[in-house]
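A.B. asks: Structure provided below as structure tokens; questions to follow.
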Amino acid sequence: MPKNLRSGAPKKARWTSDQKAAAKKGPKKAHRGQSAAPSAGKTYAARPARDGDRRSERPERTDRPARGYDRSERPARSYDRSERPARSYDRSERPARSYDRSERPARSYDRDDRAPRRFDRDDNRGQRRDFNRDDRPQRRESTRDDRPARRSDRSENRGPRQYNREDRPVTSFNRDDNRGPRREFDRSDRPARSYDRSDRPARSFDRSDRPARSYDRDDNRGPRREFDRSDRPARSYDRNDRPARSYDRDDNRGPRREFDRSDRPARRFDRDDRPARGFDAQVDPEAERMEADTWVKATRKSIDGPVIVEADNGFAGLGLADRLVERLARDGITTPFPIQAATIPDALAGKDVLGRGQTGSGKTLAFGLPMLSRLADGQKSAPRRPRALVLVPTRELAMQVSDALEPLVHVMGLRHKLVAGGLSYTTQINALNRGVDVLIATPGRLKDLIEREAVQLQAVEIAVLDEADHMADMGFMPEVTAILDEMPAGGQRLLFSATLDKGVDKLVEGYLTDPVTHSTDDAKASVTTMEHHVLLIDPMHKKTITAEVANRSGRTVVFVRTKLGADRVALQLREQGVFAAALHGGLNQGARNRVLGAFRDGSLPVLVATDVAARGIHVDDVSVVLQVDPPADHKDYLHRSGRTARAGDKGTVVTLALPHQRRTMERMAREAGIDAMPTKAVPGDERLAATGAVAPSGVPVPEDQVRRVLEAPKRGGRPSGGHRGGPRGPRQGGPRSYRDDRSGGSRGDRASYSRSSRG
DNA sequence: AAAAAAT
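Residue numbers (UniProt numbering): 1 to 759.
Quick look at the structure:
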């Protein structure tokens, strides 16, 4: 039957005569269903004939021809779908639909190739209708005398109206009565899904058969970072201008670490008995070469710092996988930072490590290199079962870590995936299904994916908590412990932060075994290239001074306490002529990416952020950090100020304090280890001028500049409001990243932003 | 207060 339906048979042929007959006999199924329903105890009582039923009272009309609508000739209409043949959704019988437009003739909008339109009625419409009504039968006299008088008196002949619904059948929501059998969702009759790749053709790494790679960064990372460092003074490798190095351990390192491991239980992850993995076949030199660029630029800054170690003490001497060392060497990176030199050997040995190194000192590689080195043991992650997890507090930091590790993951023949909110679920789930060795995640989305069973952590051997003290905060702790509880006990744990303190004790007690602590610094500001000013100001000057400090030629990060504050300060700056934009968790991810991208590429000089940007985020050449609202504590002070003076650069930190905040700021400066007592300041202060600050123009930043830099690119370029006629241009598609850019939607973020900001 | 998931 499906066939004749589709082949364009006339509609009336849908029913065979057998079906008609079947439909006619017996009560409709719907009625059966109703009376059978337990709740439908009442039976359907026929409505008593109403005297007022005028139909029966009126005389038969004779002046009109009988209507040809005698319904008795047709079968009762049945809505019971079970009596009709099942509809077929089997598409296999139809020709595959083609979306390939190349198979169709080009659409023509050229009107010339159509027949001219004809306004000559005769050619296809026949005779014009005649509106002369004289030839119609006379209208009946409108005297009403020939009808019985109308009776409006209800009491006389109709009886009281019944509003008693009980005598009607109860409405049935029972599916059976008119929808037919429930659809079958039993998938057991399908072949099991196979993850066995052996039945697929061998994978080809021949790039020529792949589509050209897209380097369009717009999709979610914003424009490319500017790497022109020509404006900086040449770097000096002259060791004479530095203080002599001390090899006296006693002066700052305490007793030597104990290397006798005989008292420890054997390690769970000893892989020596497994075959070495052959990565050669999978490494694509071409791809590596192309990625080398990106990577050097992304990480060199955090690698070559002021500390130069002798060559044999470089990365090669730390015991890392050759591949990693070679990869680093190819970019001229041979010298580890102190935090890296300190933690890598222990991390490689499989120990749990607590690492504290000042901001911008290369902590990402400190945990990343040994982690990747240890994963290259011939094991392969099963689908949805990553072997390593890096947990970070913000989406931006997660992206940064993912980007920084990517080339290293690649040379090791491993796979990694970023799992964070605001990004597409499907790409993350698909990657997990293919198998991921290293998962870089924010807690919320990871927990979500665990609950959806898109990932499970039972195979995690190495877990890293970046910004560990922050992850141990009240707000994060429940999710973090829930995630750690998913992993097998005894796996390696690496906890890193610039301000690692007793806050992580609960995590250490609950999840670490015999951790080794490496502090290349105390949790105080020991970045010597950083200058601090705490300015005691009058509230009325706050706006002016903020604009003055921000109005400089270099990159400036402005920190505020709240999301609304960030929006407000950014707006006020733009009104005064300083191009600034807000970055906070209330924005959708697309906007967050665009703002940070614009700040990184230099098209946005001033970033006004909440503490979302306080930790870990690396942007080159931020020369001033301005804290319009003081930080909550000395740790936040250190992290915020750590956005400047990275990897040996110079930087200035200016903190504005209102009179009532003076004492708090004094204490905080002490705890943070900076010697900057609050001093009074007014607009025009010379300390501000020293950072390059000048009074702003007062001419608002033009709206279209703001839009050009910060607004999402228009999709397809068509005006909104739908298609207004005329041929549609080719669909532009937009950057492929739209899937990951939820900027247009009404996501929960928005709602929770307005909700939470009121409170 | 902010951050971290949105169905």
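In this text, a Cβ means the ideal position worked out from N, Cα and C, and glycines have one as well.
Every value quoted in this text rests on a predicted model; they were computed, and no experiment measured them.
Identify the continuous alpha helix (DSSP H) that holds residue 556 and give its terminal residues.
C.D. replies: Not the alpha helix (DSSP H): residue 556 falls in the beta strand (DSSP E), residues 555 to 559.
A.B. asks: Measure the CB-CB distance between residue 627 and residue 640 and report whether it falls below 9 Å.
C.D. replies: yes
A.B. asks: Output yes or no for whether 9 Å exceeds the beta carbon distance between residue 457 and residue 483.
C.D. replies: yes
A.B. asks: Quick check on the burial criterion: 16 or more other C-beta atoms within 10 angstroms. Buried or exposed for residue 492?
C.D. replies: buried
A.B. asks: For the candidate residues 386, 393, 421, whose alpha-carbon lies nearest to that of residue 415?
C.D. replies: With distances taken between Cα atoms, residue 415 lies closest to 386.
A.B. asks: Beta-carbon separation of residue 337 and residue 365 under 9 Å?
C.D. replies: yes
A.B. asks: Measuring CA to CA, which of 553, 535, 619 is closest to residue 661?
C.D. replies: 535
A.B. asks: Between 402, 377, 632, 335, which lies nearest to residue 368 when the distance is taken from Cα to Cα?
C.D. replies: 402
A.B. asks: Find the nearest neighbour of residue 670 within the set 342, 485, 635, judged by alpha-carbon distance.
C.D. replies: 635
A.B. asks: Is the stretch 514 to 523 in contact with the stretch 344 to 364, if contact means three or more CB pairs nearer than 8 Å?
C.D. replies: Between the stretch 514 to 523 and the stretch 344 to 364, the count of Cβ pairs shorter than 8 Å is three or higher; the stretches touch.
A.B. asks: What span of residues does the beta strand (DSSP E) with residue 623 cover, start to end?
C.D. replies: It spans 622 to 627 - the beta strand (DSSP E) in which residue 623 sits, taken as one unbroken run.
A.B. asks: Run through DSSP, which three-state label would residue 476 get?
C.D. replies: Judged by DSSP in its simplified three-state form, residue 476 adopts coil rather than helix or strand.
A.B. asks: So, do the stretch 563 to 580 and the stretch 404 to 418 have three or more beta carbon pairs nearer to each other than 8 Å?
C.D. replies: no
A.B. asks: Residue range of the alpha helix (DSSP H) that residue 323 falls in?
C.D. replies: 322 to 330
A.B. asks: Would you check whether the ligand NAP has a heavy atom nearer than 8 Å to the C-beta of residue 568?
C.D. replies: What this structure holds is no ligand at all, so the ligand NAP is not there to describe.
A.B. asks: Using the C-alpha atoms, what's the distance from residue 520 back to residue 688?
C.D. replies: 32 Å
A.B. asks: Run through the UniProt domain "Helicase C-terminal" (544 to 689) for me and flag every whole beta strand (DSSP E) of 3 or more residues, listed as ranges in chain order.
C.D. replies: 555 to 559, 580 to 583, 606 to 609, 622 to 627, 651 to 657
A.B. asks: Of all the beta strand (DSSP E) runs that stay within the bounds of the stretch 423 to 449, which reach a length of 3 or more residues?
C.D. replies: If we require 3 residues or more, the beta strand (DSSP E) runs fully inside the stretch 423 to 449 come out as 438 to 441.
A.B. asks: Using 8 Å as the Cβ pair cut-off and three pairs as the minimum, do the stretch 488 to 503 and the stretch 460 to 472 touch?
C.D. replies: yes
A.B. asks: Is residue 560 near residue 606, with beta carbons less than 9 Å apart?
C.D. replies: no
A.B. asks: Can you tell me where the beta strand (DSSP E) holding residue 530 begins and where it ends?
C.D. replies: Its beta strand (DSSP E) spans residues 530 to 536.
A.B. asks: Ends of the beta strand (DSSP E) at residue 419?
C.D. replies: 416 to 419
A.B. asks: Could you check the C-alpha separation between residue 283 and residue 395 for me, to the nearest Å?
C.D. replies: The predicted model places residue 283 with a pLDDT of 31, which falls under 50 and marks its position as unreliable, so this point remains unresolved.
A.B. asks: Taking DSSP as the reference, what is the three-state secondary structure of residue 402?
C.D. replies: Here DSSP, grouped into helix, strand and coil, assigns residue 402 to helix.
A.B. asks: For residue 697, which of helix, strand or coil comes out of DSSP?
C.D. replies: coil
A.B. asks: Sorted by chain position, which residues of the same chain lie with C-beta nearer than 6 Å to residue 370's C-beta, five sequence neighbours on each side aside?
C.D. replies: Excluding positions up to five away in sequence, the list reads 344, 347, 348.
A.B. asks: Can you look up residue 779 in the DSSP assignment and give me helix, strand or coil?
C.D. replies: Nothing about residue 779 can be read from this structure; the chain reaches only from 1 to 759.
A.B. asks: With a threshold of 6 Å on Cβ separation, who are the neighbours of residue 440 within its own chain once the five nearest residues in sequence on each side are excluded?
C.D. replies: 390, 398, 401, 402, 418
A.B. asks: For the putative contact between residue 443 and residue 480, defined by C-beta atoms under 8 Å, what is the C-beta separation to the nearest angstrom?
C.D. replies: 6 Å
A.B. asks: Residue 466 lies in the alpha helix (DSSP H); which residues open and close that run?
C.D. replies: Run containing residue 466: none in the alpha helix (DSSP H); it sits in the beta strand (DSSP E), 462 to 466.
A.B. asks: Between residue 454 and residue 432, how many whole angstroms is the CB-CB distance? I'm expecting something under 8 Å.
C.D. replies: Residue 432 and residue 454 do touch by the CB rule: their CB atoms are close to 5 Å apart, below 8 Å.
A.B. asks: Within its chain, find whatever has a CB closer than 8 Å to the CB of residue 265; leave out the 5 residues flanking it on each side and keep chain order.
C.D. replies: Its pLDDT being 43, under 50, residue 265 is placed unreliably by the model, and the measurement read from it follows with that caveat. Result list for residue 265: empty, nothing under 8 Å.
A.B. asks: Just to confirm, are residue 359 and residue 646 a CB contact at a threshold of 9 Å?
C.D. replies: yes
A.B. asks: Among the residues of its own chain, which have a CB less than 7 Å from the CB of residue 699, if the five just before and after it don't count?
C.D. replies: 577
A.B. asks: Apply the 10 Å Cβ neighbour rule to residue 581 and answer buried if 16 or more other Cβ atoms are within range, or exposed otherwise.
C.D. replies: buried
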